[in-house]
Each structure stands twice: as C-alpha cells, then as structure tokens.
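A.B. asks: Quick one: the structure is below, questions incoming.
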Amino acid sequence: MQDGTSAPQRIAVRSSGRNRRPDSARLRRLNILVGALSLPLFVGLWELASRSGAVNMVLFPPPTVVAAAVLEWIRSGQFLVDLTASLYRVTTGFMVGGALGILFGILTGQFPVMSSLLSPLFHILRPIPPIAFVPIVILWFGLSEAGKLFLVVWGVFFTVWLSTHIGVQKVDRGLIRAALMLGTPRRQMLQEIVLLGALPYIVVGLRTAVSISFYTLVAAELAGTFAGIVYRIEIAQQNMQTGQVMGGLAALGLISFIADRLFAVLAERTVWWR
Amino acid sequence: MSGSRSIVKLALASSPASVDSARKQPAIQVSNLSIVFDTHRGQTVAVDRVSFDVAPGEFVCVVGPSGCGKSTVLNTIAGLEVPYEGDILVEGSPVGGPRPDVGMVFQQPHLFPWKSVRRNIAHGPRMHRKSRKEANAIADDLIAMIGLKRFADAYPNTLSGGMQQRVAIARALANQPRVLLMDEPFGALDAQTRAVMQDNLLELRDRIKATIVFVTHDIDEAILLADRVLIMSAGPGRILREVAVKLPRPRSSTIMVEPSYLSLKKDCLDVIRAEGARAFNQSDSN
Numbered sequence: 001m002q003d004g005t006s007a008p009q010r011i012a013v014r015s016s017g018r019n020r021r022p023d024s025a026r027l028r029r030l031n032i033l034v035g036a037l038s039l040p041l042f043v044g045l046w047e048l049a050s051r052s053g054a055v056n057m058v059l060f061p062p063p064t065v066v067a068a069a070v071l072e073w074i075r076s077g078q079f080l081v082d083l084t085a086s087l088y089r090v091t092t093g094f095m096v097g098g099a100l101g102i103l104f105g106i107l108t109g110q111f112p113v114m115s116s117l118l119s120p121l122f123h124i125l126r127p128i129p130p131i132a133f134v135p136i137v138i139l140w141f142g143l144s145e146a147g148k149l150f151l152v153v154w155g156v157f158f159t160v161w162l163s164t165h166i167g168v169q170k171v172d173r174g175l176i177r178a179a180l181m182l183g184t185p186r187r188q189m190l191q192e193i194v195l196l197g198a199l200p201y202i203v204v205g206l207r208t209a210v211s212i213s214f215y216t217l218v219a220a221e222l223a224g225t226f227a228g229i230v231y232r233i234e235i236a237q238q239n240m241q242t243g244q245v246m247g248g249l250a251a252l253g254l255i256s257f258i259a260d261r262l263f264a265v266l267a268e269r270t271v272w273w274r
Numbered sequence: 275m276s277g278s279r280s281i282v283k284l285a286l287a288s289s290p291a292s293v294d295s296a297r298k299q300p301a302i303q304v305s306n307l308s309i310v311f312d313t314h315r316g317q318t319v320a321v322d323r324v325s326f327d328v329a330p331g332e333f334v335c336v337v338g339p340s341g342c343g344k345s346t347v348l349n350t351i352a353g354l355e356v357p358y359e360g361d362i363l364v365e366g367s368p369v370g371g372p373r374p375d376v377g378m379v380f381q382q383p384h385l386f387p388w389k390s391v392r393r394n395i396a397h398g399p400r401m402h403r404k405s406r407k408e409a410n411a412i413a414d415d416l417i418a419m420i421g422l423k424r425f426a427d428a429y430p431n432t433l434s435g436g437m438q439q440r441v442a443i444a445r446a447l448a449n450q451p452r453v454l455l456m457d458e459p460f461g462a463l464d465a466q467t468r469a470v471m472q473d474n475l476l477e478l479r480d481r482i483k484a485t486i487v488f489v490t491h492d493i494d495e496a497i498l499l500a501d502r503v504l505i506m507s508a509g510p511g512r513i514l515r516e517v518a519v520k521l522p523r524p525r526s527s528t529i530m531v532e533p534s535y536l537s538l539k540k541d542c543l544d545v546i547r548a549e550g551a552r553a554f555n556q557s558d559s560n
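First to last, the protein sequences are chains A and B.
Positions 1 to 274 (the working numbering) are the ones given, in order, by the first sequence.
Positions 275 to 560 (the working numbering) are the ones given, in order, by the second sequence.
Structure, rendered in structure tokens:
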C-alpha cells in the first residue's frame with residue numbers, strides 16, 4: 001500500500017476533489033434557490049394564466065380568489081367544524097384499523113392454523129377498493145358516522161394486516177434459535193423477539209395506511225355526510241364555488257402531508273435501534 | 275446437574291476406582307447418532323452413526339467439508355435439531371431441547387438488534403429470573419472481559435463483525451454454561467479479525483471452565499484451538515479420524531510455524547485428501 005505506485009493516483013484524486021468541491025457547493029446553492037422558488041413561481045404563473053383570460057376564470061380561479069375563499073371558510077368557523085369531523089374520522093379509523101391489523105397480523109403470522117383459516121379470506125377481500133363499498137355501506141349504515149369509520153377501518157386494516165403478517169413471518173429464525181439457547185421460554189418468544197423483530201414492517205405498514213386513510217376518507221365523505229373537508233369540496237362544487245373547491249383540495253393535501261411527516265418522525269423513534 | 279452430583283455421591287460410597295470413573299464421566303456423550311432429513315427427493319442421511327465423547331473441560335474441534343453434517347451434529351447436541359436417532363447425553367442427562375447448561379455461538383452473531391450490548395448479554399440471566407441489577411452486573415463483567423466497555427450501551431448495528439461476535443460469545447457465557455457449542459463462529463470474519471478472535475478465545479478459554487465443541491472447516495483453526503480434532507466426511511456425515519493435539523498451552527497463533535504443528539496438520543490433510551479423492555472418484559463414476 002505504501003509503495004510509490006499509489007502516490008500519483010492519490011494526488012490525482014485530491015486535485016480533482018479540489019476542483020470539484022466549489023462546483024458542487026455552487027450547484028447545491030443553486031438547487032436550494034430553485035427549490036425555494038418552485039412554489040411561488042407556480043402560483044404566480046397560475047395567477048397570470050387565470051387573469052390573462054386565456055382560460056375560463058370561473059373554472060380556474062386565480063390563487064388570490066382561492067385564498068380569499070379559504071379565508072372566508074376559516075373566518076366563518078366552518079373550517080374548524082369540517083377539519084374536526086375529517087380528522088376524527090381519519091384518526092379513529094386509522095387507530096381501530098391499525099390495531100385490528102396488527103392483532104390479526106400477529107395471529108396469522110405466528111400461528112399457521114390462523115393463517116390457513118383467515119389468509120384466504122383476507123386475500124380475496126383485500127384487493128377490493130374501499131370506494132366500491134360505498135353503496136353497500138350506505139345501505140348498511142345510512143349516513144351515520146359508523147359507515148364512515150367502517151370505510152376508513154376497511155382501508156387501513158388490510159394494509160396493516162399484510163405488513164404485520166409478513167413482518168412476523170420474516171423475523172430472523174436465527175434470532176429465535178439464539179433466544180431459545182439463552183433460555184427464552186417459547187411462550188415469551190412473541191413479546192421478547194417476534195414483536196420487536198416485526199416492528200419495522202409494522203411501522204412501514206402503518207405509514208402506508210396513513211395515506212390510505214385519507215383516500216378512504218374521500219370515499220366516506222362523498223357517501224353523504226354533514227361536515228368534513230371533502231364534504232365541503234363537494235358542496236362548493238355544486239354551488240360552482242371553484243375557489244372553495246381548490247381551497248379544500250389544498251387543505252386536504254396539506255393535512256395529509258403533515259400527517260405523513262408526523263408519522264415519519266414517530267416511526268423513526270419507534271424503531272429506536274436504527 | 276443434580277443427576278451428575280448424585281452419581282458422584284454414589285461413587286464415593288463405593289471403591290476408589292469408580293470415583294475416578296465417575297469424575298471422568300464425559301461432559302458430552304454422543305453414541306450412534308443418526309439424523310435423516312426428508313427432502314423432496316426422499317430421505318437423506320445427513321449424519322450416519324456418529325459416536326464420540328467429550329471430557330469435562332476439553333476443547334474439541336470438528337472439521338469437515340461444508341454439508342458434512344457437522345453443524346447438524348452441533349445443533350442436535352444443543353437441542354435445536356429434533357428428531358434424531360441414537361443417544362446424546364450432556365452432563366449425564368439426555369438432550370430433549372435447549373437447556374441452560376448448554377450455550378451456543380452461531381456463525382452469525384444473531385444479536386438482538388433492539389438491545390444494547392449490555393442488554394443483549396443480560397438477556398440470558400434475565401430469562402433465568404435474575405433481577406435487572408444482577409443481570410447487568412453479570413453483563414458488565416463479561417463486557418470488561420471481551421474489552422468492549424466503551425460499547426456497553428451501543429446497539430449491534432454500530433459494531434464491526436468481530437465485535438458483534440465477541441458480544442455473541444459473552445452473551446452465551448452469561449448463563450455460565452457447562453458446555454459451550456460454537457458453530458463456525460469466526461467463519462464470516464476476515465482473516466485478520468479471525469486471527470485476533472482465535473487468540474482471544476484461547477485466552478478466554480483459560481478463564482472459563484466450560485467444555486467446548488467448536489465446528490469449523492478450517493484445519494488450521496481446529497489444530498490451533500483444540501485438544502482433539504474430529505475429522506468428518508460428507509455424504510453421509512461420519513467421523514473419519516480423531517487426532518489428539520498435544521501441543522503445549524497457553525497457545526497463540528505463532529504456534530502455526532512449529533514443526534510439531536506442521537506434522538499434525540499433515541496428518542489431518544492426508545486424511546482429508548484421501549477422503550476427498552474417494553468422494554471425487556465416487557461422484558465421477560455415478
């Protein structure tokens with residue numbers, strides 16, 4: 001390693017590194033700048049296009065109109081009511097569906113008999129899009145909250161069930177053998193090894209389920225309700241309040257984004273050893 | 275353990291000769307061990323009527339080509355491989371499953387990734403109903419012994435392969451096993467780390483009084499470490515030859531250039547070469 005042949009190479013690498021570094025720093029700064037301009041640029045162009053008369057301003061209201069609609073929505077107090085209704089549906093549905101998914105995932109992942117009993121059924125039900133259940137849910141639950149929760153729970157459950165099931169199945173057999181050799185009783189294997197071994201998979205499943213719970217929220221609120229962000233979008237559409245429609249979409253996107261970010265932070269702490 | 279103690283008591287009551295024989299009761303007795311696997315092509319005999327004894331405190335290495343069933347034999351002694359034919363007695367009692375007086379180190383460290391080094395080592399004592407404080411004290415002693423004090427609170431994914439395997443050895447020792455089984459524990463390490471680990475194990479072995487059975491495919495490793503080397507053949511696995519290693523202890527890897535070492539190695543290689551040629555001709559004629 002210390003012979004003369006490697007020396008020129010090292011110098012070459014160093015000199016190219018010296019040349020590259022300022023370039024890459026400049027490039028990075030440029031990227032940050034472009035990134036910061038992305039949204040204002042888009043909104044500005046939208047405003048211009050909308051006001052220029054090139055498009056129908058009623059169908060494509062400019063951002064200023066959308067902002068005014070959102071402000072009015074908030075000031076009237078209706079926004080808080082809609083937000084609470086939607087968040088309640090999403091969080092309750094997510095927690096119930098997630099808990100059931102984890103429970104059944106452990107059962108089918110750990111006990112082959114349970115898997116033989118339930119997996120075929122779950123695999124047939126899983127691919128049916130939750131939205132397809134809207135008509136039957138209206139028949140079963142009418143316009144009650146239970147029907148909304150049912151749809152969100154349905155959407156969340158299968159994702160979490162499958163990832164938990166796979167996570168439990170994929171727990172390293174070597175860890176279980178090592179635990180056995182150290183005197184871990186088989187009845188404690190679930191809590192000592194299997195649950196923690198499956199945890200990274202469960203967390204990934206839950207995170208996917210966050211966005212799924214928002215998809216199913218849309219179906220749930222379109223199925224008929226009296227408050228909620230998607231409900232507000234639908235009502236505004238019927239009244240041709242396109243500014244309010246777009247404001248609702250933006251709000252939904254923002255909430256969904258925040259929920260995903262929050263969960264990502266939470267997930268990082270849950271799998272603490274990574 | 276209580277069984278072996280009562281045997282000693284009985285022996286004391288009788289003649290001095292039987293006291294001697296009772297004291298020399300093997301730590302491990304394997305007799306006529308056969309293991310048959312069901313495969314998609316029918317049944318495969320993995321291990322064929324293997325018999326050997328290991329004396330208390332003895333260090334035995336089992337060498338053989340991959341697939342010769344040496345790991346299977348070890349797993350069976352550990353109580354992880356059932357069913358088997360034949361008899362296995364550890365400390366005088368038959369093996370029916372994992373037991374606290376038998377510890378095992380695998381080729382992969384298999385550390386619990388969610389536990390710190392200390393918690394990993396304390397796991398065994400905890401499972402044997404020691405308090406958290408006691409278990410941590412045991413762990414801290416072992417951490418000092420393997421020289422990883424700075425890493426006591428580190429998680430396994432931050433350690434190198436060699437460090438992880440040291441933790442795995444300490445974890446197996448935390449239950450103070452009478453018998454320590456090691457399944458190619460250094461097989462996944464690079465050559466330099468492996469040499470260091472071998473010297474560490476030799477030092478460690480002088481401090482613990484466990485009987486050790488160590489499986490490897492590396493003949494140098496086997497002679498360096500062992501009091502006795504069992505050479506196995508493949509398909510089906512059986513024991514070809516026992517070679518006693520009467521090299522002085524304490525040993526270190528410098529012994530590998532001594533003439534006595536080299537002549538032992540030649541003996542072992544002759545056996546392996548003859549067997550290799552036989553297996554090759556057999557597969558050729560098939």
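Don't be surprised by glycine CBs; every beta carbon is placed ideally from N, CA and C.
Determine the burial state of B/ASP464: buried for a count of at least 16 other Cβ atoms within 10 Å of its Cβ, exposed for fewer.
C.D. replies: Mapped onto the second sequence, residue 464 of chain B falls at position 190. It is exposed - the Cβ of B/ASP464 has fewer than 16 other Cβ atoms within 10 Å.
A.B. asks: Look up B/PHE386 in the DSSP assignment and say whether it is helix, strand or coil.
C.D. replies: To locate residue 386 of chain B, count along the second sequence from 1; it is residue 112. It is coil, neither helix nor strand.
A.B. asks: For A/VAL153, count neighbouring Cβ atoms within 10 angstroms of its own Cβ and tell me buried if that reaches 16, exposed if not.
C.D. replies: One-based indexing of the first sequence puts residue 153 of chain A at position 153. It counts as buried.
A.B. asks: The alpha helix (DSSP H) spanning A/ALA267 covers which residue range?
C.D. replies: The residue labelled residue 267 of chain A in the question sits at position 267 within the first sequence. A/ALA267 -> alpha helix (DSSP H) spans 242 to 270.
A.B. asks: Using only the alpha-carbon positions, how far apart do A/GLY167 and A/TRP273 sit?
C.D. replies: Against the first sequence, residue 167 of chain A aligns to sequence position 167. Against the first sequence, residue 273 of chain A aligns to sequence position 273. For A/GLY167 and A/TRP273, the distance between alpha carbons rounds to 17 Å.
A.B. asks: State yes or no: is the C-beta of B/LEU242 within less than 8 Å of the C-beta of B/VAL441?
C.D. replies: One cannot answer for residue 242 of chain B here, as it falls past the ends of chain B, which runs 275 to 560.
A.B. asks: Is any beta-carbon of chain B found at less than 8 Å from that of A/ALA198?
C.D. replies: Here residue 198 of chain A corresponds to residue number 198 of the first sequence, with the count starting at 1. Cβ-Cβ to chain B under 8 Å: no for A/ALA198.
A.B. asks: What is the rounded straight-line gap between the Cα of A/THR291 and the Cα of B/GLN382?
C.D. replies: Limits of chain A in this structure are 1 at one end and 274 at the other, which puts residue 291 of chain A out of reach.
A.B. asks: Taking the alpha helix (DSSP H) that B/GLY316 belongs to, which residues open and close that run?
C.D. replies: Translated into the one-based positions of the second sequence, residue 316 of chain B becomes position 42. Taken as a continuous stretch (DSSP letters only), B/GLY316 belongs to no alpha helix (DSSP H), being part of the beta strand (DSSP E) at 316 to 328.
A.B. asks: To the nearest angstrom, how far is the alpha carbon of B/ALA428 from that of A/VAL203?
C.D. replies: By one-based count along the second sequence, residue 428 of chain B stands at place 154. By one-based count along the first sequence, residue 203 of chain A stands at place 203. The alpha-carbon atoms of B/ALA428 and A/VAL203 are separated by roughly 23 Å.
A.B. asks: Contact between the stretch 127 to 137 of chain A and the stretch 71 to 79 of chain A: three or more CB pairs below 8 Å?
C.D. replies: No: fewer than three Cβ pairs fall under 8 Å.
A.B. asks: So which residues of chain A does B/ALA509 contact, with C-beta pairs closer than 8 Å?
C.D. replies: Indexing the second sequence from 1 puts residue 509 of chain B at position 235. Reading the sequence as shown, one finds Gly at residue 509 of chain B and not Ala. Per Cβ cutoff of 8 Å: no residues; B/GLY509 is ~25 Å from chain A at best.
A.B. asks: Do three or more CB pairs link the stretch 183 to 198 of chain A to the stretch 234 to 248 of chain A at distances below 8 Å?
C.D. replies: With a cut-off of 8 Å, the stretch 234 to 248 of chain A and the stretch 183 to 198 of chain A do not count as touching, because too few Cβ pairs lie within range.
A.B. asks: Does B/MET401 have its Cβ less than 8 Å from a Cβ in chain A?
C.D. replies: Locating residue 401 of chain B in the second sequence gives position 127, counting from the first residue. Answer yes: the Cβ-Cβ gap between B/MET401 and chain A drops below 8 Å somewhere.
A.B. asks: Can you check which of these residues, B/ALA553, B/LYS407 and B/ASN349, is closest to B/VAL379 by C-alpha distance?
C.D. replies: Along the second sequence, read from residue 1 onward, the residue named residue 379 of chain B stands at position 105. Here the closest residue by C-alpha is B/ASN349.
A.B. asks: Would A/ILE233 and A/SER86 be called neighbours here (beta carbons separated by less than 8 Å)?
C.D. replies: Taking the first residue of the first sequence as 1, we reach residue 233 of chain A at position 233. Taking the first residue of the first sequence as 1, we reach residue 86 of chain A at position 86. Cβ distance not < 8 Å, so A/ILE233 and A/SER86 don't count as in contact.
A.B. asks: Is it true that the CB of B/VAL503 sits closer than 8 Å to the CB of B/ASP457?
C.D. replies: Counted from its first residue, the second sequence places residue 457 of chain B at position 183. Counted from its first residue, the second sequence places residue 503 of chain B at position 229. No; because the gap between Cβ atoms is not below 8 Å, this pair is not in contact.
A.B. asks: Using 8 Å as the limit for Cβ to Cβ distance, is A/ILE243 near chain B?
C.D. replies: Numbered from its first residue, the first sequence carries residue 243 of chain A at position 243. Residue identity check: residue 243 of chain A is Gly in the sequence provided, not Ile. No, A/GLY243 does not count as interfacial toward chain B.
A.B. asks: Should B/PRO399 and B/ALA448 be called a contact, given that it needs their Cβ atoms to be closer than 8 Å?
C.D. replies: Here residue 399 of chain B corresponds to residue number 125 of the second sequence, with the count starting at 1. Here residue 448 of chain B corresponds to residue number 174 of the second sequence, with the count starting at 1. Contact flag set, yes.
A.B. asks: Would a C-beta distance cut-off of 8 Å place A/THR92 and A/LEU143 closer than the cut-off?
C.D. replies: Indexing the first sequence from 1 puts residue 92 of chain A at position 92. Indexing the first sequence from 1 puts residue 143 of chain A at position 143. Cβ distance not < 8 Å, so A/THR92 and A/LEU143 don't count as in contact.
A.B. asks: Below 8 Å on the Cβ atoms is my guess for A/LEU206 versus A/VAL271; work out the distance and round it to an integer in Å.
C.D. replies: By one-based count along the first sequence, residue 206 of chain A stands at place 206. By one-based count along the first sequence, residue 271 of chain A stands at place 271. That pair is no contact at about 11 Å.
A.B. asks: How would you call B/ASN306, buried or exposed, if buried means at least 16 neighbouring beta carbons within 10 angstroms?
C.D. replies: On the second sequence, position 32 is the one that residue 306 of chain B refers to. The residue in question, B/ASN306, is exposed, as its Cβ has fewer than 16 Cβ neighbours within 10 Å.
A.B. asks: Taking the CB atoms as reference points, tell me whether B/LEU354 and B/PRO372 lie closer together than 8 Å.
C.D. replies: Working through the second sequence from its first residue, we reach residue 354 of chain B at position 80. Working through the second sequence from its first residue, we reach residue 372 of chain B at position 98. Closer than 8 Å, so yes.
A.B. asks: What does A/LEU175 touch in chain B if you count any residue whose Cβ is under 9 Å from its own?
C.D. replies: Indexing the first sequence from 1 puts residue 175 of chain A at position 175. Simply HIS384, LEU385, PHE386 and PRO387.
A.B. asks: So which residues of chain A does B/GLY461 contact, with C-beta pairs closer than 8 Å?
C.D. replies: By 1-based counting over the second sequence, the position of residue 461 of chain B is 187. Within 8 Å Cβ-Cβ: nothing; B/GLY461 doesn't reach chain A, min ~14 Å.
A.B. asks: Give the single residue among A/LEU48, A/PHE226, A/PHE94 and A/ALA227 whose Cα lies nearest to the Cα of A/PHE157.
C.D. replies: The residue you call residue 157 of chain A lines up with position 157 of the first sequence. Of A/LEU48, A/PHE226, A/PHE94 and A/ALA227, the residue nearest in Cα terms is A/PHE94.
A.B. asks: Of all the CB atoms in chain A, is at least one closer than 8 Å to the CB of B/SER276?
C.D. replies: As a working mapping, residue 276 of chain B is identified with position 2 in the second sequence. Any reading at B/SER276 must be qualified, since the residue scores a pLDDT of 41, below 50, and its modelled position is unreliable; the value itself is stated next. B/SER276 does not count as touching chain A.
A.B. asks: Say whether chain A places a C-beta atom closer than 8 Å to the C-beta of B/MET378.
C.D. replies: Counting from 1 along the second sequence, the entry for residue 378 of chain B is found at position 104. Yes, because at least one Cβ of chain A sits closer than 8 Å to the Cβ of B/MET378.
A.B. asks: Could you tell me the alpha carbon to alpha carbon distance between A/HIS123 and A/LEU139, rounded to whole angstroms?
C.D. replies: As a first step, residue 123 of chain A is located in the first sequence; it is residue number 123 there, counting from the start. As a first step, residue 139 of chain A is located in the first sequence; it is residue number 139 there, counting from the start. Between A/HIS123 and A/LEU139, the C-alpha separation is close to 25 Å.
A.B. asks: Please confirm if the stretch 484 to 500 of chain B is in contact with the stretch 330 to 345 of chain B, defined as three or more CB-CB distances below 8 Å between the two stretches.
C.D. replies: Short answer: they touch.
A.B. asks: For the beta strand (DSSP E) containing B/ALA518, list its first residue and its last residue.
C.D. replies: As a position in the second sequence, residue 518 of chain B is number 244, starting the count at 1. Unbroken beta strand (DSSP E) run through B/ALA518: 512 to 518.
A.B. asks: Is the separation between the beta-carbon of B/CYS335 and that of B/ALA553 shorter than 8 Å?
C.D. replies: Against the second sequence, residue 335 of chain B aligns to sequence position 61. Against the second sequence, residue 553 of chain B aligns to sequence position 279. Cβ atoms of B/CYS335 and B/ALA553: not closer than 8 Å.
A.B. asks: If you measure between the beta carbons of A/PRO127 and A/THR216, is that distance less than 8 Å?
C.D. replies: Indexing the first sequence from 1 puts residue 127 of chain A at position 127. Indexing the first sequence from 1 puts residue 216 of chain A at position 216. Not closer than 8 Å, so no.
A.B. asks: Considering only DSSP beta bridges, list what B/PHE311 is partnered with.
C.D. replies: Reading the second sequence from its first residue, position 37 is the one you call residue 311 of chain B. Beta-bridge pairing links B/PHE311 to B/THR318.
A.B. asks: Below 6 Å CB to CB, which residues in the same chain sit around A/ILE255 once its five sequence neighbours on both sides are set aside?
C.D. replies: Position 255 of the first sequence, counted from the start, is the residue given in the question as residue 255 of chain A. Nothing meets the Cβ criterion.
A.B. asks: When the cut-off is 8 Å and only beta carbons count, does B/PRO372 lie next to chain A?
C.D. replies: Stepping through the second sequence from its first residue, residue 372 of chain B is reached at position 98. Chain A, which has a Cβ nearer than 8 Å to the Cβ of B/PRO372, makes this yes.
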